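One structure is given here, and the rest of the page talks about it.
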Amino acid sequence: MFPRKGASEREVLEELEKKTSQDLTFDSGRILGSMCTQPHPLAIEVVRRYIDRNLGDPGLHVGSRKIEEEVIEMLSNLLGLEKGYGHVVSGGTEANILAVRAFRNLSDVEKPELIIPESAHFSFLKAGEMLGVRLVRARLKEDYSVDVKDVENRISEDTIGIVGIAGTTGLGVVDDIPSLSDLALDYGLPLHVDAAFGGFVIPFAKELGYDLPDFDFRLRGVMSVTIDPHKMGMVPIPAGGIIFREKKFLEAISVPAPYLAGGKVWQATITGTRPGANTLAVWAMIKHLGFEGYREIVKTAMELSRWFAGELKRIPGVYLIREPVLNIVSFGTPNLEEVEEKLKERGWGISAHRGYIRIVIMPHVRREHLEEFLRDLRSALLEKG
Ligand code: 0PR
101 MFPRKGASER EVLEELEKKT SQDLTFDSGR ILGSMCTQPH PLAIEVVRRY
151 IDRNLGDPGL HVGSRKIEEE VIEMLSNLLG LEKGYGHVVS GGTEANILAV
201 RAFRNLSDVE KPELIIPESA HFSFLKAGEM LGVRLVRARL KEDYSVDVKD
251 VENRISEDTI GIVGIAGTTG LGVVDDIPSL SDLALDYGLP LHVDAAFGGF
301 VIPFAKELGY DLPDFDFRLR GVMSVTIDPH KMGMVPIPAG GIIFREKKFL
351 EAISVPAPYL AGGKVWQATI TGTRPGANTL AVWAMIKHLG FEGYREIVKT
401 AMELSRWFAG ELKRIPGVYL IREPVLNIVS FGTPNLEEVE EKLKERGWGI
451 SAHRGYIRIV IMPHVRREHL EEFLRDLRSA LLEKG
């Protein structure tokens, strides 16, 4: 009911506190199945200070608009490109939709088709449905990366582009993007890389010596990359990222917004009014942590993932779906559904995929949380007996 009379600030806050007490929080260490994390204190402070900035009207917030350009430049550099074109958006979903939209608008086929791996995130379902693009799914190989031969077999006259994934949602697998890039170049098709999760992991993990393929603009076939600061970038939600190699992709999805404060401006994002504060927080985090700061965060997460995977393997009946590639560890157990239920009853925020439990070792996850989880997992399995 819409209240007739207002309540005091204190009453409102108290009621919210009560209602949200059911929520799991990241700082409790109980959330093990999410790609989000406790935002960095600096990022929270930046959002608090600049909460009123609207990048939908950049003529009003000229400084913030320039900061978004700097963010796009820094993200492009991280991804091996001197100058890229893009935006900080609401998340990986919007970023993926924008990429598909650009590919579709630049193609001239009547019945557009997009080739995606079977492991693709469901945001592509939304993109396909909204944009009238038929999704063609390519098979996975035994290691759960996309089968590049199968991708090739599915290319038709109606294909508008190919998608590869650098850090799949369920298993954190990195597709063979170099081969996909070669294929895309051979057929004159654009390749989009969904690095929503892996974008803030792979560059750092590579420098740490992990054996991972190139996945970004260093490969000439890659025309766009999704990279989300609100996942491993430690920025508050919403902060996704889309970067295009060339300006034409952005232009292909821009519409005129003629009456805004900046005169006639062009908007490529799906959202009109959009938070500047989060973009400023992305800028602040990159400046504050730098490459080395992120590398240390990734180092801890990767090492913890390998330790955790080793511990899981020591529990009878528990098996890994595959060895972890990034900081995601997915495993199966006997009577999986019951075990999942028991773990949730014990207060664990886990993500139950079809056929396995996914643990994402985000920055808020510490070894003691995982030790406690392993104890609960063991006892849940014993109870089953
Ligand atoms: N691409 C990939 C590879 C993803 O894993 C995701 C989200 C997206 C795109 C879409 O990103 P947005 O959700 O930012 O639009 N993957 C997460 C997942 O499904 C989303 C998520 C995050 C789910 C936190 C739960 C959660 O607690 O796991």
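All you need for our numbering is the position in the sequence shown, starting with 1, plus 100. Every residue, glycine too, gets a C-beta built ideally from N, C-alpha and C. From a predicted model like this one, the values you see are computed outputs, not experimental measurements.
Spatial neighbours of residue i within its chain, please: C-beta separation below 6 Å, excluding the five flanking residues on both sides.
i, result
"P290", "F203, G261 and M323"
"W432", "It is worth fixing the name first, because residue 432 is Gly in this sequence and not Trp. Y419 and Y456, listed in sequence order."
"I461", "A401, L404, S405 and N427"
"M332", "F300 and V301"
"V398", "V301, F304 and A305"
If we ignore side chains and look at the alpha-carbon of each, how far apart do residue i and residue j end up?
i, j, result
"A220", "R237", "9 Å"
"I255", "L225", "19 Å"
"G267", "R110", "44 Å"
"S164", "H140", "20 Å"
"E194", "K211", "22 Å"
"D208", "R239", "27 Å"
"M385", "E170", "13 Å"
"L412", "T125", "24 Å"
"G184", "E173", "6 Å"
"T120", "A199", "36 Å"
"P217", "G390", "32 Å"
"K347", "A368", "11 Å"
"E114", "F349", "48 Å"
"Y310", "E242", "21 Å"
"M101", "G272", "44 Å"
"F408", "I215", "34 Å"
"E448", "L160", "One point to set straight first is that residue 448 is Trp, not Glu, in the sequence displayed. If you take the alpha carbons of W448 and L160, they lie about 44 Å apart."
"V246", "V465", "29 Å"
Please tell me whether, using a cut-off of 7 Å, the distance from the CB of residue i to the nearest non-hydrogen atom of ligand 1 is below it.
i, result
"H464", "no"
"G333", "no"
"M323", "no"
"A296", "yes"
"H221", "yes"
"N196", "yes"
"I262", "no"
"S134", "yes"
"G191", "yes"
"I265", "yes"
"S451", "yes"
"T268", "yes"
"T326", "yes"
"G455", "no"
"G340", "yes"
Once you ignore the five residues that flank residue i on each side, which residues in its own chain have a CB closer than 8 Å to its CB?
i, result
"I197", "S223, K226, A227, M230, L231 and I370"
"P336", "P139, A143, I144, V147, H330, N378 and A381"
"E182", "S176"
Nearer than 7 Å: is that true of the beta carbon of residue i relative to any heavy atom of ligand 2?
i, result
"D247", "As far as ligands go, the structure on display features ligand 1 and does not contain ligand 2."
Starting from the Cα of residue i, find the closest Cα among the options and give me that residue.
i, options, result
"V355", "G372, A361 and G267", "G372"
"E307", "K331, Y394, A339 and V273", "Y394"
"K166", "L283, W383 and E213", "W383"
"N435", "W407, A480, E471 and L412", "A480"
"A361", "N378, L155, L116 and K444", "L155"
"P463", "G129, V246, E257 and P103", "G129"
"E145", "K444, V325 and N378", "N378"
"R454", "L443, I421, H469 and R478", "I421"
"Y244", "R466, E423, L482 and A452", "E423"
"Y150", "A339, I450, E396 and G376", "G376"
"D314", "V246, D276 and I415", "D276"
"H388", "M334, A357, P338 and G340", "M334"
"L280", "T269, D258 and D250", "D250"
"S190", "I342, A352 and I397", "I342"
"R458", "V429, E468, T259 and K444", "V429"
"V425", "R104, I265, L319 and E168", "I265"
"Y359", "V465, P158 and H187", "P158"
"D294", "V325, L285, F317 and G321", "V325"
"G192", "A357, P338, V233 and V248", "P338"
In chain order, what residues of the same chain lie with their CB nearer than 7 Å to the CB of residue i, ignoring the 5 residues before and after it?
i, result
"L178", "P303"
"P278", "P313, D314 and L319"
"D127", "Q138 and H464"
When you compare the segment 461–474 with the segment 279–290, are there three or more beta-carbon pairs, one atom per stretch, that lie closer than 8 Å? no
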